[in-house]
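Residue numbers (this note's numbering): 587 to 1138.
Ideal Cβ positions, reconstructed from N, Cα and C, are used throughout, including at glycine.
Just so it is clear, the structure is predicted and the values come from calculations on it, not from any experiment.
Data first, discussion second: the structure below is written as structure tokens.
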Ligand code: ACM
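Dropping the structure here:
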């Protein structure tokens, strides 16, 4: 009986302390111990194995920046009391498995690979207190952990609004701390072309700037009447790609085609079906400056002037991709493919002739032809393409990965066709939606609470176990029409990104909203400690409505 009572006490103490674990995303397995370990200026970071210096330096830099505590990095240790980074064979099929043990005489992080050790460091960092001190108490525990999905992404649109390099690095740090591994960088749009292409300088000279921007929610209350824009030089892009690689994050560039291409067309009108026609300015829109000739768009939406499927355009795109490929070592290039109106192609004698010549069914067939040509080129350069789910229309390019955004249907269809899929359905994964009923700043619409994000499962119920294997993971999309500054971006992504990290990382059977809620309260303190802006919608009773499991 006494033993039973002791066992019960032990059990409840494990449960209650386990619930107080501060780690997000929730590890696959976590056991809290009883004591603490003290990290102070006598602690060394010891790397046992080559390739672990990056993780050691990351940890060292964090402790120095946040606490003023400088720990030496060494490759051997004579005494106890250190933080040891090492490898162990964990044989997990997705990169990133690790074990983290905090004992009374030191910390051991063992990774399946470099990435795993880095994630072990991320978990360790989450154990440190939120007060400045050079003597840091952390709880003893044992974590055995690994990711559920291989693709764990965050997107950012830098075209509707432009963000400085320093913020992109901060954004990459947000991704790293959540054990996510992909930054989808949306670089070109109707409202701005943001990547320097040396062979086509007008892309950034002309396409990188617009003469004004709609004020307020579309159609808006006026125009800022201020030139707006910017772009990243190739040197800056290399710097960002390296910064991400040092955090085990792959940067996937998106070059939009054939739609959302007004900025490129403003720079090089010959890319349009109708080079001599002026850009259509939407009715009801306040416009600044000239309305003749091709213009970079000043407002939001979908525009009819798209790339013409001519040899001139394909040569242009191939030259652009040649430079893009040099900058991005990623396996994938995202080629957009969404929201391409077919009006221009319908009116164009050239396009109609091409449809006949190629035996295509219609303009959707022409879009498919367009994407397949680009895919063939990129495949020949060793790259795979990702496209938004419209690339299913008119027939999928042979090796394409589909990013499902208009709900889950595109993803389901693509997986059934044995194509890889990344789930980004609007109702759960669009962080431009408002997150509170009482939103105090303009958002694009929609209503997606942190709890709704948490409720998402990237594997649609409609898929068989066999087809579900094609779902690589999921991603949140951050479209920035209504995010004019970096603080608003942080507000829109936090705390929803923390919920997403658990959707992508934590084993399904371990996911628990009530448990996450407890850790979320601690996460808010972490955001304060780190100086991140975040939404407090979670605390507004107006938002505490039951989450429907029905998918819209
Ligand atoms: C998209 O939101 N147009 C992909």
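Nearest-angstrom Cβ-Cβ length linking residue i and residue j, presumed shorter than 8 Å
i            : j            : result
residue 705  : residue 684  : 5 Å
residue 701  : residue 738  : Going by Cβ atoms, the distance from residue 701 to residue 738 rounds to 11 Å, so no, they are not a contact pair.
residue 1043 : residue 1030 : Their Cβ separation, rounded to whole angstroms, is 24 Å, which puts residue 1043 and residue 1030 out of contact at 8 Å.
residue 1066 : residue 743  : 5 Å
residue 921  : residue 973  : 5 Å
residue 720  : residue 669  : Actually they do not touch by this definition, with Cβ atoms about 15 Å apart.
residue 1010 : residue 1060 : 6 Å
residue 875  : residue 797  : 4 Å
residue 894  : residue 946  : With a Cβ gap of about 15 Å, residue 894 and residue 946 do not count as contacting.
residue 1021 : residue 864  : Actually they do not touch by this definition, with Cβ atoms about 40 Å apart.
Buried versus exposed call for residue i [16 or more other C-beta atoms within 10 Å across all chains shown]
i            : result
residue 1123 : buried
residue 1138 : Unreliable placement is indicated for residue 1138, whose pLDDT of 34 sits below 50; no coordinate value is reported for it.
residue 594  : Low confidence applies to residue 594: its pLDDT is 36, below 50, so where it sits in the model is not reliable, and the reading given next is rough at best. So residue 594 counts as exposed.
residue 984  : exposed
residue 716  : exposed
residue 624  : exposed
residue 1130 : exposed
residue 765  : buried
residue 935  : exposed
residue 758  : buried
residue 621  : exposed
residue 929  : exposed
residue 791  : exposed
residue 638  : buried
residue 813  : exposed
residue 808  : exposed
residue 665  : exposed
residue 828  : exposed
residue 641  : buried
residue 853  : buried
residue 1103 : exposed
residue 819  : exposed
Bridge-paired residues (DSSP) for residue i
i            : result
residue 1061 : 739
residue 725  : 622
residue 858  : 893
residue 775  : 778
residue 795  : 815
residue 808  : 801
residue 825  : Answer by DSSP bridge pairing: none, since residue 825 is not bridged.
residue 840  : 772 and 920
residue 616  : 729
residue 1020 : 1033
Among the options, the one whose alpha carbon lies nearest that of residue i
i            : options                  : result
residue 729  : 687, 758 and 717         : 687
residue 1033 : 1118, 1128 and 866       : 1128
residue 898  : 967, 1096, 698 and 851   : 851
residue 634  : 663, 612, 625 and 790    : 663
residue 976  : 998, 925 and 938         : 925
residue 912  : 667, 782 and 740         : 782
residue 676  : 665, 699 and 657         : 699
residue 811  : 872, 848 and 836         : 872
residue 1096 : 614, 906 and 942         : 614
residue 1125 : 1053, 1024, 1063 and 791 : 1024
residue 709  : 891, 1099, 731 and 690   : 731
residue 725  : 718, 692, 755 and 756    : 692
residue 981  : 999, 994 and 992         : 999
residue 958  : 942, 979, 943 and 939    : 979
residue 834  : 761, 787 and 888         : 761
residue 805  : 1058, 694, 991 and 888   : 888
residue 661  : 643, 612, 650 and 847    : 643
Chain B contact for residue i (CB, 8 Å cutoff)
i            : result
residue 1095 : No chain B is part of this structure, which consists of one protein chain only.
If we count Cβ pairs, one from each stretch, closer than 8 Å, do we get three or more for the region 945-952 versus the region 909-920? no
Below 8 Å, how does it come out for the region 730-750 and the region 955-967: are there three or more Cβ pairs, yes or no? no
Taking 8 Å as the threshold, find out whether the region 766-786 comes into contact with the region 837-845 through three or more Cβ pairs. yes
Segment contact, 8 Å Cβ cut-off, at least three pairs: the region 825-840 with the region 859-875: no
If we count Cβ pairs, one from each stretch, closer than 8 Å, do we get three or more for the region 997-1005 versus the region 1064-1080? no
Across the region 1045-1056 and the region 1110-1118, are there enough close Cβ pairs to call them in contact, namely three or more that are closer than 8 Å? Touching, no, given that fewer than three Cβ pairs across the two stretches are closer than 8 Å.
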